[in-house]
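Q: Each residue of the sequence shown is one higher than the one before, counting from -6 in our numbering.
Using N, Cα and C, we set each Cβ at its ideal position, and we do this for glycine too.
Quick caveat: nothing in here was measured; it's all calculated off a predicted structure.
Have a look at the structure that comes next, please.
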Amino acid sequence: MVDFVYAAAAGLDSQDISAFAALAENLFQLFAMFWTDISKDGKMETCALVHFTGVLGIHPRELAYQTAYGFTPTLSAMAWIGRLILLEYALPLEAYSHLKIPWPSRTQYPDQVQRLRDQIHLKYMRKGCFSPLGYICERTHHARTIATREGPRTNISWSPDLQVLSIAGQEISMSGLRQAAHLAVARTEQRARKLMLGLWPNVDLSKIKDSLVTHRPGHSFLSEPENQLQMSFKLLSRRAFSKDGGFSLKGPGRRRAIQYLKDRDEFVKHMFGAIHIPSGMPARSEELRVIRWADTVAAPRNIFALQGRMVLVFSYNKATTVSNKSFYIVRFPCPIMSQVLFLHLTYIQPFSDFLARQLQVTLAMSTNPHLFTLHDTATGCFSSNACLKSLQLSTQGCGFQLTIKLYRHTAISVVKKHIPAIIASFDPNAPSEYAMFLKTLAFQTGHTIQTHSRSYALDNTYPAKLQSDIIDRYYQSSLLWHRFLLLGEGDPLLLQPEWEELGNQSSQAIGYSPDLHLVPQDDEPESIEIEVETGPRSRFKLQIIKKTRKESYRLLGSESR
């Protein structure tokens, strides 16, 4: 608090700063008096903070008591503030020298733990004590009990035709939700095509070798020798530093190269929304923002190439923290984003790292293992606020503002209402009693279905708790979401390219050729001259000029004999 007041007083002379310091210390003394006000007769209503919490329990607009579910966050916030103030009161970071009776700093207490345990906690912070914080803890426990009995508050409503969802004061139509998804994917793909400098390899992901059980620092599918992808970015490097590319380390070409890095950062910002929205049930921002494409010493990677698809695997989530039971969550990007994600990791990101080191705009010699990061960030990743801005940036213009929390509620609401209708017609030939068959099979072997699935016949090419049948079920879940958003295999994007130059730019299908000597190089002749005989005594010369979009023909001359 004192530092906050000092920051507000920046630019003042020493006398004014001293006055601000005295004001801050006296304010904190007043706050400490509120939180250490102990009732002598057990009547807590006489305490100022207890009376204030009672006022907060009244709804500001309806002038009625708030529900227990709505009031507990307020009580928890009050308790959090009270603990911080009591901690500073017990062990001040610095001495309060402007008070009438100065307070010593924490260094003056020989045993700080004993002061907290014997003098502060028992008197002011324990539930049941006659202090404001003790009263708030009791009310919080009581309110949570009532909230559990009453259940959470409702927050959505549907139109009669189930095509418009009302949530948080906004109306989201199903066509608008699809537009937001297509907008995020289209903008990301357009930027990827621009960064690929006219190339667009038609990659067969089923040929990519990867392993879910191999973990060592720096490992990914890019480092698998069979894939031969370690130097694939050289194709972009040759094109960028060619005469047509115009990149150079000095002069005007340097500005163009730096602009490429900035465009790559914009692409990554848009890619967050394009992966977050269509990949199935949405992750929390804390899970998604730290996605790693390569293993690190502390954590395994999250991105794999599996069975012809790009896969996002999460082994950490909120449920694991709460229940202490680990399990995996698998999400599948839509087919377009699988292609974009692969090209980004194989071509765009390695070339961007190489370019940044050559231009000396970054001092980091190692590659950042995070997916959502900028070119000048050595080890960090997006913050939660950056994830929110990226989601809003990629869906800008869809008619409503999406946040991480709002989209999670929206997606779950849509799944409850619309996905069952898709499931009914998904595969009419699938056996409806498959779950019962698995249970019977487990009983026949003499154990429960949980033991059958967790302990027997586990494939060593998959983690023990992420076998292939679980991955297939996750894939079916993501596939249903792709179908609802009309982003499945073969579905065209509903939006046209934003930029004319991107719309007119051709995509060169060079096929999956990890060996660079198999890919057409830039040193091929720009034109070819051929002679054609049209008769025994006549012939003409034809020049075929190669261009970006099509071939043109020019008649050089003809002669007759």
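(1) Run through DSSP, which three-state label would residue 201 get?
(2) Three or more C-beta pairs under 8 angstroms: does that hold for the segment 399 to 415 against the segment 289 to 306?
(3) Report the start-end ranges of each beta strand (DSSP E) in the segment 299 to 348 that is 3 residues or longer and not cut off at the edges.
(4) Using the Cα positions of residue 158 and residue 386, report the straight-line distance between them to the nearest angstrom.
(5) Alpha carbon to alpha carbon, how far is residue 204 from residue 140? Give it in angstroms, no decimals.
(6) Quick one: any contact between the segment 465 to 475 and the segment 320 to 329, if contact means 3 or more CB pairs under 8 angstroms?
(7) By the DSSP assignment, the alpha helix (DSSP H) with residue 463 in it spans what residues?
(8) Drop a sphere of 10 angstroms on the beta-carbon of residue 196, count the other beta-carbons inside from all chains shown, and report buried for 16 or more, exposed for fewer.
(9) Using 10 angstroms around the beta-carbon of residue 238, count the other beta-carbons present and answer buried if the total reaches 16, otherwise exposed.
(10) Using the Cα positions of residue 478 and residue 170, report the straight-line distance between them to the nearest angstrom.
(11) What separation, rounded to the nearest whole angstrom, lies between the Cα atoms of residue 308 and residue 321?
(12) Grouping DSSP H, G and I as helix and E and B as strand, with all else coil, what is residue 249?
(13) Of all the options 81, 33, 14, which has the alpha carbon lying nearest to the alpha carbon of residue 24?
(14) Within 10 angstroms of the Cβ of residue 451, are there 16 or more other Cβ atoms? Answer buried if so, exposed if not.
(15) Quick check: what's the CA-CA separation for residue 127 versus residue 119?
(16) Use the C-beta contact count for residue 336: other C-beta atoms within 10 angstroms, 16 or more gives buried, fewer gives exposed.
(17) With residue 158 as the anchor, note down where its beta strand (DSSP E) starts and where it stops.
(18) Contact defined as beta carbons within less than 8 angstroms: I believe residue 267 pairs with residue 408. What is the distance between those atoms, to the nearest angstrom?
(19) Verify whether the separation of the beta carbon atoms of residue 257 and residue 345 is less than 8 angstroms.
(20) If residue 172 and residue 487 are in contact, beta carbons under 8 angstroms, what's the gap, nearest whole angstrom?
(21) Start and end of the beta strand (DSSP E) containing residue 150?
(22) Between residue 330 and residue 271, which are expected to be in contact by the criterion C-beta below 8 angstroms, what is the C-beta distance as a whole number of angstroms?
(23) Buried or exposed: which applies to residue 34, given that a residue is buried once 16 or more other Cβ atoms fall within 10 Å of its Cβ?
(24) Quick one: what's residue 166 bridged to in DSSP?
(25) From residue 296 to residue 229, what distance separates their C-alpha atoms?
(26) To the nearest angstrom, how far is it from the Cα of residue 131 to the Cα of residue 338?
(27) Tell me, which residues are paired with residue 363 by DSSP?
(28) In the DSSP output, which residue or residues are listed as bridge partners for residue 96?
(29) Is there contact here, the segment 106 to 119 with the segment 48 to 55, by at least three beta-carbon pairs under 8 angstroms?
(30) Hey, how far is the Cα of residue 26 from the Cα of residue 162?
(31) Report, in whole angstroms, the separation of the C-beta atoms of residue 155 and residue 410, which I expect to be a contact under 8 angstroms.
(32) Between the alpha carbons of residue 28 and residue 122, how many angstroms are there, rounded?
(33) Inspect the beta-carbon positions of residue 261 and residue 367 and report whether they are closer than 8 angstroms.
(34) Near residue 209, which residues of its chain fall below 8 angstroms by C-beta distance, leaving aside the five closest residues on each side in sequence?
(35) Of the residues 293, 37, 185, which one's Cα is nearest the Cα of residue 125?
(36) Quick check on residue 550: does DSSP put it in helix, strand or coil?
A: By the coordinates alone:
(1) To locate residue 201, count along the sequence shown from 1; it is residue 208. Residue 201 falls in the coil class under three-state DSSP.
(2) no
(3) 302 to 307, 322 to 324
(4) Within the sequence shown, the letter at position 165 stands for residue 158. Within the sequence shown, the letter at position 393 stands for residue 386. Roughly 22 angstroms between the two C-alpha positions.
(5) On the sequence shown, position 147 is the one that residue 140 refers to. On the sequence shown, position 211 is the one that residue 204 refers to. Each residue's alpha carbon lies about 46 angstroms from the other.
(6) yes
(7) Position 470 of the sequence shown, counting from 1, holds the residue named residue 463. Element bounds for residue 463: 461 to 477.
(8) In the sequence shown, residue 196 corresponds to position 203, counting from 1. Per the 10 Å Cβ criterion, buried.
(9) As a first step, residue 238 is located in the sequence shown; it is residue number 245 there, counting from the start. Result: buried.
(10) In the sequence shown, residue 478 corresponds to position 485, counting from 1. In the sequence shown, residue 170 corresponds to position 177, counting from 1. Spanning the two alpha carbons is a distance of roughly 8 angstroms.
(11) The count along the sequence shown starts at 1 and reaches residue 308 at position 315. The count along the sequence shown starts at 1 and reaches residue 321 at position 328. Roughly 5 angstroms separates the two Cα atoms.
(12) To locate residue 249, count along the sequence shown from 1; it is residue 256. Correct three-state label for residue 249: helix.
(13) Counting from one through the sequence shown, the residue named residue 24 turns up at place 31. Among 81, 33, 14, the Cα nearest to that of residue 24 belongs to 81.
(14) For this step, residue 451 is matched to residue 458 along the sequence shown. The residue is exposed, with fewer than 16 neighbouring Cβ atoms inside 10 Å.
(15) Your numbering for residue 127 matches position 134 in the sequence shown. Your numbering for residue 119 matches position 126 in the sequence shown. Distance between the alpha carbons of residue 127 and residue 119 is about 6 angstroms.
(16) Position 343 of the sequence shown, counting from 1, holds the residue named residue 336. Buried: at least 16 other Cβ atoms inside 10 Å.
(17) Translated into positions along the sequence shown, residue 158 becomes position 165. Its beta strand (DSSP E) spans residues 157 to 160.
(18) For the purposes of this step, residue 267 is taken as the residue at position 274 of the sequence shown. For the purposes of this step, residue 408 is taken as the residue at position 415 of the sequence shown. At roughly 19 angstroms, the Cβ-Cβ gap does not stay under 8 angstroms, so residue 267 and residue 408 are not in contact.
(19) Your numbering for residue 257 matches position 264 in the sequence shown. Your numbering for residue 345 matches position 352 in the sequence shown. Result yes, Cβ atoms of residue 257 and residue 345 sit closer than 8 angstroms.
(20) Residue 172 sits at position 179 when you count from the first residue of the sequence shown. Residue 487 sits at position 494 when you count from the first residue of the sequence shown. Indeed they touch by this definition, with Cβ atoms about 7 angstroms apart.
(21) Position 157 of the sequence shown holds residue 150. First-last of the beta strand (DSSP E) with residue 150: 149 to 151.
(22) By 1-based counting over the sequence shown, the position of residue 330 is 337. By 1-based counting over the sequence shown, the position of residue 271 is 278. That belief holds up - the Cβ atoms of residue 330 and residue 271 are roughly 7 angstroms apart, short of 8 angstroms.
(23) The sequence position of residue 34 within the sequence shown is 41, counting from 1. Exposed.
(24) Within the sequence shown, numbered from 1, the residue matching residue 166 stands at position 173. Answer is 157, bridged to residue 166.
(25) Residue 296 sits at position 303 when you count from the first residue of the sequence shown. Residue 229 sits at position 236 when you count from the first residue of the sequence shown. Between residue 296 and residue 229, the C-alpha separation is close to 23 angstroms.
(26) Residue 131 sits at position 138 when you count from the first residue of the sequence shown. Residue 338 sits at position 345 when you count from the first residue of the sequence shown. Spanning the two alpha carbons is a distance of roughly 53 angstroms.
(27) For this step, residue 363 is matched to residue 370 along the sequence shown. Paired residues: 285.
(28) For the purposes of this step, residue 96 is taken as residue 103 along the sequence shown, with counting starting at 1. DSSP output for residue 96 lists 89 as bridge partner(s).
(29) no
(30) Taking the sequence shown and counting its residues from 1, the one referred to as residue 26 is at position 33. Taking the sequence shown and counting its residues from 1, the one referred to as residue 162 is at position 169. C-alpha separation (whole angstroms): 41 angstroms.
(31) Here residue 155 is taken as the residue at index 162 of the sequence shown, counted from 1. Here residue 410 is taken as the residue at index 417 of the sequence shown, counted from 1. Confirmed, Cβ separation roughly 6 angstroms.
(32) Taking the sequence shown and counting its residues from 1, one reaches residue 28 at position 35. Taking the sequence shown and counting its residues from 1, one reaches residue 122 at position 129. Computed Cα separation, rounded: 12 angstroms.
(33) Taking the sequence shown and counting its residues from 1, one reaches residue 261 at position 268. Taking the sequence shown and counting its residues from 1, one reaches residue 367 at position 374. The answer is yes: Cβ separation under 8 angstroms.
(34) Position 216 of the sequence shown holds residue 209. The answer, listed in chain order, is 288.
(35) Within the sequence shown, residue 125 is the residue found at index 132, counting from 1. That would be 37, whose Cα lies nearest to the Cα of residue 125.
(36) Against the sequence shown, residue 550 aligns to sequence position 557. Its pLDDT being 44, under 50, residue 550 is placed unreliably by the model, and nothing is read from it.
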